[in-house]
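The letter at position 29 of the sequence shown is residue 358 when you use the numbering used here, and the numbering goes up by one with no holes.
Here a beta-carbon is modelled for each residue, glycine too, at the ideal position from N, C-alpha and C.
These notes concern the structure reproduced below.
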Amino acid sequence: MSAATFRRLDRMDDALKAIEEAERVDSSNPDVWYQLGLFHTAKKEKDAATIAFTKATALEAYHPASLTRIGKSYFEAGSLEMAESMLDAATRSQGWDNAEAWFCLGKVFEDTNRLARAKECLWYALDLEASRPARRYTEALPRFLD
330 MSAATFRRLD RMDDALKAIE EAERVDSSNP DVWYQLGLFH TAKKEKDAAT
380 IAFTKATALE AYHPASLTRI GKSYFEAGSL EMAESMLDAA TRSQGWDNAE
430 AWFCLGKVFE DTNRLARAKE CLWYALDLEA SRPARRYTEA LPRFLD
């Protein structure tokens, strides 16, 4: 099982072991650090989660899932400009199909009274969610193009 599966089953010790094993295999993979961030988030360890998500973006500057999580944490802290910056970076790069990033960006626009832009983002998030494939296109396409 993967770290994400263990985390969803609330088997946190097993999730941490899976993450540690993944780190031993490939510590330069941003997804390993993203999973560690999710682990710390589930344990309500906000600072440790932020460090892990930041490490993921240090390894891959436009890691969409990490940028989205960092943006959400800025949004929750009331730092709307920083939240917008992170979420905008996520949606303009590899996260163009990340419904959560678009939703959060829409909420930032809503809170800053840019309602037309908020509406566009929220509708786009809804469209993405309704048409979400089992596997991201960016992961599936290279397999068929080689």
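- Residue burial is scored here from C-beta neighbours: Ala445 has fewer than 16 other C-beta atoms within 10 angstroms and is therefore classed as exposed.
- For the set Ser357, Arg353, Gln364, the Cα lying nearest the Cα of Ala333 is the one of Gln364.
- Within its own chain, the residues whose Cβ lies closer than 6 Å to the Cβ of Phe432, once the five positions on either side in sequence are excluded, are Ala454, listed in chain order.
- Three or more beta-carbon pairs separated by less than 8 Å are not found between the segment 353–360 and the segment 370–379, which leaves the two stretches without contact.
- Taking the Cα of Val437 as reference, the smallest distance to any Cα among Asp339, Cys450, Asp426, Ala428 is reached at Cys450.
- Secondary structure at Ser356: coil, using DSSP grouped into helix, strand and coil.
- Annotation: the segment 379–407 contains the following complete segments of the alpha helix (DSSP H) (minimum length 4 residues), in chain order: 393–405.
- Around the Cβ of Glu458, a 10 Å sphere holds fewer than 16 other Cβ atoms; the residue is exposed.
- Boundaries cannot be given for Glu374, as no alpha helix (DSSP H) includes it and DSSP labels it neither H nor E.
- Arg336 counts as buried, since at least 16 other C-beta atoms from the protein chains shown sit within 10 angstroms of its C-beta.
- Arg421: member of the alpha helix (DSSP H) spanning 409–421, first to last residue.
- Distances from the CA of Met411 to each of Arg421, Gly400, Ala419, Thr420 were compared; the closest alpha carbon is that of Gly400.
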